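Here my numbering is used: the first residue of the sequence shown is 3, the next is one more, and so on.
Below is one structure, written out as structure tokens, with a few remarks after it.
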Amino acid sequence: MLQSFLRLCLISIFAFFATNCAPKKNHNTKPVNPVIDTVHQFKQNELGNDASKGRDKFPFLKDSDAENRWVDSVYRKMDFSEKLGQLFMVSAYSNKDSVHFNAIDRLIRDYKIGGLIFFQGGPVRQAKLTNRYQSKSKIPLFIAIDAEWGVSMRLDSTYRFPWNMTLGAIKDKSLVERVGAQMGKESKRLGVNFNFAPVLDINTNPKNPIIGFRSFGEDKYNVTNSAVALMKGVQGQGVFSTGKHFPGHGDTETDSHYALPLVNFSKERLEQVELYPYRKMFDEGLVSVMVAHLNVPSLESRESYPSSISYNVVTDLLQKEMGFNGLVFTDALNMKAAANYRKPGEIDLEAFLAGNDMLLCPENVPTAIEKLCVAYQDTLISEDRLAYSVKKILKFKYKAGLNNRRPVNTTNLYSDINPSENTALQYQLFENAVTVLKSKDAILPIRHLENTRIAYVKIGDDSNAAFLSTLKKYTDVTEVSDTNIDSLNVKLKNFDLVIAGFHKSDKAWKSHAFSQAEIEFVQQLAKQNKVILDVFTKPYSLSAIPDFSDVEGLIVSYQNADIAQEVSAEVIFGAVDAKGKLPVTINDEFKVNFGLTTEKLNRLGFTAPENVGMNPSVLSKIDAVAQAAIDQKMTPGAQILVARKGKVIYQKSFGYYTYDNLRKVQNADIYDLASLTKILATLPNVMLAYDKGKVNLNTKLGTMLPIFEKTDKKDIGFKELLSHFAGFEAWIPFYKSTLDSNKVPLEKYYRKIPEGEFTSQVADSLYIEKNYNETIMKAIADSKLSGKRVYKYSDFTFLILKEYLEKINHKSLDVIAYENFYKILGANNTLFNPLQKVNKTDIPPTEIDNYFRHQLLQGYVHDMAAAMEGGVAGHAGLFSNAMDVAKIMQMYLQKGNYGGHAFFSEKTFNDFNTCYFCGEGNRRALGFDKQQLPGTQGPTCGCVSASSFGHTGFTGTYAWADPETEIVYIFLSNRTYPDSMAPNALSKGNVRENIQKIIQEAIVK
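Okay, here's the thing in structure tokens:
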């Protein structure tokens, strides 16, 4: 019955068209439609022609004879119903069911609609529906989307660009143009012709409930420049931009989705403020305008008459006075501001009579067409008026390439619209947007990490993970929480600085405001502590806070996105300098366009590979190499980090602590670094001594340590010592002489608990005499020299240097390294004897020792000699993670400078990074390993520069830096687990070197 009824209705409508919409007209000039109270005679020569000149800046928008011929040809073949149908752009969804899809099919088939605007759904689903709908339409459909911050505004599985207000904080508008270009690319790839953006509203009213963050701000020049940039980017990709919401929705307090907003300003004020962006945009080639549903008494005298259906606004002002001749869209006609004023069909008719070309989101297309048909019969709509809009629509369909429409190819669609360069751009956007409003006594960036105990306090109800984890990459940051502010302040007494992050949902329509309780919380927190407040919401949220006098530092990060959180942490520690300016006024102290610049310190930051000239696709090949090493049991797990030009671009952890696959490796976990200790703990302190003149290149070993004064080693030179050119043995298994015949530690040398002189811990329940290092040094002093001038790698060098450093500093090496370097660098996860600070569960085990200590080694140094020195030796004993190791290597790369602190001079670094004996077949510099010499094997891929330097470690570690490419590469693993005596498959498989080769191949420029 229902189907029969629908067929009957459809036949009736067609009959109506046939009998009432024929070319014959009622020439009675008096309106017969009761909803029309004014009739305007259409005169095309009075409409705008000036705006077309700007569109010449976009080659695809230029007029041509071929275009005119196509338009005329199509128009001549169209019947009356097809012409009327072109005026309608209908709402479509890809997340609905077949009932909706079939309804759209019917509108295309039966009413010949001109276009679709897609709302919620997914990219592949939308592309398939676009192909379906286009195939059913005789005249190609316009496909549009309302995508102000990219198609993610409507579609899942797509990339979300920052809100316009965030972009408004950026002074470099070329970045905004790049956003537009990426938005244009994703739209084009989806078969979309129109993006209903940018928003041109100047948000001068902080209470605006619907524009707000969708605006570029309150300054008309900034809004205009931002909008022009975005439009150039979009239209540069062959996709049309639509400026909205004409004549200006920025200073309203009503959401037009629900009621009709009032814009109660004089025309002079509108000209000076609201209309300013439109005139500039027209000059730059804007294709289309969306007219809002607003009550503007100065432009329309009829009371509460929506601007979208006002001839005075749409035709007289926009097209005649302002000269715009592009496509004119209504705002959605199903919005209450319009729908409450007229019934479906009536509102559509009035909108067309007002001068709009396309009627967006009509509530009832059949009823609207019926009304337009009657109006045509009654001469309210002339043939010229209809032709003007229809031919304009056809012209832009030609410009969009719809005359040669091709189906959307869904192959690789997801990857095509989510390119890695989006992330690269996102970093740059937030680096330029984050705005520092207050920095009392230059508290930002934080400089002296060694003297600052930092706490982090979360405010708000959304995620803070990226912010906190990034803060912790710079130094020790302790999260402190308590719902009671008094109790919290007690907990914070032991801290010098509190970083408070305000985290609210990054979803567009969620509340971003401080609650009254949160305002009082912030004020009490700031009264009792030195506070940096970082707000990850729109700047208006700060307006509710009455006083910022107690806040030391104030940052607006605009959004709670992960990259915003990362970049904001970088600003706090100086890896990025603050550049952003407020797009809106917060209060009398923080006005529009205000923003402090901060100093950039040379600390490691974070970005995407493209931003430092690296190919992410090539770099991603590291994953497979690392996973293959784990699968082949070369190592249970690993940390890998790559940095270039001072930015970490790759940081991943792979595998597990052991082959049991119980505990996954995390970036913060710390590994036994083995011989990396040489260049990360001992060598920098030797360089510091050299820099201070305590040693020089000609210093002899006998003058450095008395134990060598009367030995055959007294004349070993400093250069020979550090270049492994002294003739030492490779090593001595000192531990073997302390074991019985069953390889069990002898009671003569060890105790199970600390007692008497036996206080130096070797492992769990195993202690050695605290001065056993003297026995080791005597053995070295008594050892035989080869007597040959040949390169031979030896641990003795750094065992000796540790003794030297402790002698001149009167402190143990672990203390020396921490005080001179680690605490200043913020390398607080770099330490000897880590179990004094770190949980064993955060340290991957190194091996199951069945030859000396007879236990699982987890948190105790693997190297036997280092263990016998109480875990603190010059050649081994250090534990760390990839991030901290990268800081030290970056300090070297910056020739002794990091975080604005000069550790030693550039000359000192250059002296130590020189190969003094390369001519004699020794590749080593002073302490550093170097690339292998031609025709020999060595530690690198053979594809790094001669100036590069680094070291390897027995446990499967690697640290390398290259001054020419500015690359730091770190590889940490516990390849010695479970058996360090097993063949070194990681080395034989060249895993570390192969990854280094991939890194080199990833360099683009």
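Even for Gly, the Cβ is constructed at its ideal location relative to N, Cα and C.
Computed from a predicted structure; not experimentally measured.
| Residue span of the beta strand (DSSP E) that contains Ala732, given as start and end | For the purposes of this step, residue 732 is taken as residue 730 along the sequence shown, with counting starting at 1. Counting along the chain, Ala732 falls outside any beta strand (DSSP E), and DSSP gives it neither H nor E.
| Is Met983 buried or exposed, if buried means 16 or more other CB atoms sit within 10 Å of its CB? | The residue labelled residue 983 in the question sits at position 981 within the sequence shown. With fewer than 16 Cβ atoms within 10 Å of its Cβ, Met983 is classed as exposed.
| Cut-off 8 Å between Cβ atoms - residues of its own chain near Gly235, not counting five sequence neighbours on either side | Residue 235 sits at position 233 when you count from the first residue of the sequence shown. Around Gly235: Val178, Glu179, Arg180, Val181, Gly182, Ala183, Gln184, Met185 and Gly186.
| What does Met360 pair with, by DSSP beta-bridge criteria? | What you label residue 360 is simply residue 358 of the sequence shown in a count that begins at 1. Looking at the DSSP assignment, Met360 forms a beta bridge with Phe331.
| task | Pick helix, strand or coil for Gln641, following the three-state DSSP scheme. | result | Numbered from 1 along the sequence shown, position 639 holds the residue referred to as residue 641. Note: Gln641 maps to strand in three-state DSSP.
| Collapsed DSSP secondary structure at Glu757 in the structure displayed | Within the sequence shown, residue 757 is the residue found at index 755, counting from 1. Strand, per DSSP.
| request: Identify, in the order they occur along the chain, each residue of the same chain with its Cβ nearer than 6 Å to the Cβ of Leu1040, setting aside the five sequence neighbours on each side. | output: In the structure displayed, the chain extends from 3 to 1007; residue 1040 sits before or after that span and is not available.
| query | Can you give, in chain order, each stretch of the beta strand (DSSP E) that sits fully within the segment 481 to 567 and has at least 3 residues? | reply | 499 to 505, 533 to 538 and 555 to 558
| query | So, using beta-carbon positions, are Val291 and Val330 closer together than 9 Å? | reply | On the sequence shown, position 289 is the one that residue 291 refers to. On the sequence shown, position 328 is the one that residue 330 refers to. Their beta carbons are under 9 Å apart, which means Val291 touches Val330 by this criterion.
| request: Tell me whether Glu1008 sits in a helix, a strand or coil according to DSSP, three-state version. | output: Beyond the ends of the chain as shown, which are 3 and 1007, falls residue 1008; an answer cannot be given.
| Bridge partners - Glu150, DSSP secondary structure assignment | Taking the first residue of the sequence shown as 1, we reach residue 150 at position 148. DSSP lists Gly152 as partners of Glu150.
| request: Return the chain-ordered list of same chain residues with a C-beta closer than 6 Å to the C-beta of Thr480, the five sequence neighbours on each side being excluded. | output: Position 478 of the sequence shown holds residue 480. Ala457.
| How about the segment 423 to 443 and the segment 169 to 178: do they share at least three Cβ pairs that are nearer than 8 Å? | yes
| task | Spell out a yes or no on whether the segment 435 to 449 and the segment 607 to 616 are touching, meaning 3 or more CB-CB pairs, one atom from each, closer than 8 Å. | result | no
| request: Identify the continuous beta strand (DSSP E) that holds Gln653 and give its terminal residues. | output: Counting from 1 along the sequence shown, the entry for residue 653 is found at position 651. Lys649 to Gly657 is the extent of the beta strand (DSSP E) around Gln653.
| said: Which residue marks the beginning of the alpha helix (DSSP H) containing Gln184, and which one marks its end? | reply: For this step, residue 184 is matched to residue 182 along the sequence shown. Per DSSP, Gln184 belongs to the alpha helix (DSSP H) from Lys175 to Arg191.
| Runs of beta strand (DSSP E) lying entirely within the segment 393 to 457, each at least 3 residues, in chain order | 437 to 441
| request: List the DSSP bridge partners of Asn297. | output: To locate residue 297, count along the sequence shown from 1; it is residue 295. Beta-bridge pairing links Asn297 to Leu264 and Pro308.
| Beta-carbon proximity of Leu451 to Thr477, cut-off 9 Å | In the sequence shown, residue 451 corresponds to position 449, counting from 1. In the sequence shown, residue 477 corresponds to position 475, counting from 1. Taking 9 Å as the Cβ cut-off, Leu451 and Thr477 qualify as a contacting pair.
| At a Cβ threshold of 9 Å, is Gly952 touching chain D? | Absent from the structure is chain D; it holds one protein chain and no more.
| field | Status (buried if at least 16 other CB within 10 Å, exposed otherwise) for Ile770 | value | One-based indexing of the sequence shown puts residue 770 at position 768. Classification for Ile770: buried.
| said: Taking contact to mean 3 or more Cβ pairs, one atom from each stretch, closer than 8 Å, check whether the segment 78 to 86 and the segment 150 to 167 are in contact. | reply: no
| field | Closest residue to Phe284 among Gly250, Gly252, Leu301 and Thr226 (Cα-Cα distance) | value | If you number the sequence shown from 1, residue 284 lands on position 282. Among Gly250, Gly252, Leu301 and Thr226, the Cα nearest to that of Phe284 is on Thr226.
| task | Find out if the Cβ-Cβ distance for the pair Asn899, Met891 is shorter than 9 Å. | result | As a working mapping, residue 899 is identified with position 897 in the sequence shown. As a working mapping, residue 891 is identified with position 889 in the sequence shown. No. Outside cutoff.
| If you drop the 5 nearest sequence neighbours on each side, which residues of the same chain put their C-beta closer than 6 Å to that of Trp962? | Walking along the sequence shown from the start, residue 962 turns up at place 960. Only Gly952 and Tyr971 meet the Cβ criterion.
| So, helix, strand or coil for Gly597, using DSSP? | If you number the sequence shown from 1, residue 597 lands on position 595. Reduced to three states, the DSSP call for Gly597 is coil.
| field | For His953: DSSP bridge partner residues | value | Translated into the one-based positions of the sequence shown, residue 953 becomes position 951. In DSSP, His953 forms a bridge with Ala961.
| field | Among Lys45, Glu522, Asn491 and Asp536, the one whose alpha carbon lies nearest that of Ile501 | value | Start at 1 with the first residue of the sequence shown, and residue 501 comes out as number 499. Checked all of Lys45, Glu522, Asn491 and Asp536; the closest Cα to Ile501 is Asp536.
| said: Let me check understanding here. Comparing Cα to Cα, which of Thr244, Pro208 and Glu69 lies closest to Ala146? | reply: Here residue 146 refers to the residue found at position 144 of the sequence shown. For Ala146, the nearest C-alpha among the options comes from Thr244.
| With a Cβ-Cβ cutoff of 9 Å, do Gly132 and Gly193 count as a contact? | Residue 132 sits at position 130 when you count from the first residue of the sequence shown. Residue 193 sits at position 191 when you count from the first residue of the sequence shown. Inspection of the sequence shows that residue 132 is occupied by Thr rather than by Gly. Yes, they are a contact pair.
| Rounded straight-line distance, which links the Cα of Phe592 to that of Val275 | The sequence position of residue 275 within the sequence shown is 273, counting from 1. The sequence position of residue 592 within the sequence shown is 590, counting from 1. Those two C-alpha atoms are separated by around 21 Å.
| query | Which whole-angstrom value describes the C-beta separation of Asp221 and Asn595, a residue pair presumed to lie in contact below a C-beta threshold of 8 Å? | reply | Taking the sequence shown and counting its residues from 1, the one referred to as residue 221 is at position 219. Taking the sequence shown and counting its residues from 1, the one referred to as residue 595 is at position 593. Contact holds; Cβ gap of about 6 Å.
| Using the C-alpha atoms, what's the distance from Tyr260 back to Met337? | In the sequence shown, the residue the question calls residue 337 occupies position 335. In the sequence shown, the residue the question calls residue 260 occupies position 258. Roughly 7 Å between the two C-alpha positions.
| With a CB to CB cut of under 8 Å and the five nearest residues on each side skipped, what residues in its chain are close to Ala580? | Taking the first residue of the sequence shown as position 1, residue 580 is located at position 578. Same-chain partners within the cutoff: Val436, Thr437, Val438, Leu446, Ile557, Val573, Gly597, Leu598, Thr599 and Thr600.
| request: With distances taken Cα to Cα, identify the nearest neighbour of Leu362 among Lys702, Gly582 and Asp148. | output: Locating residue 362 in the sequence shown gives position 360, counting from the first residue. Here the closest residue by C-alpha is Asp148.
| said: What residue range does the beta strand (DSSP E) around Lys246 cover? | reply: As a working mapping, residue 246 is identified with position 244 in the sequence shown. Run containing Lys246: Phe242 to Phe248, per the beta strand (DSSP E) assignment.
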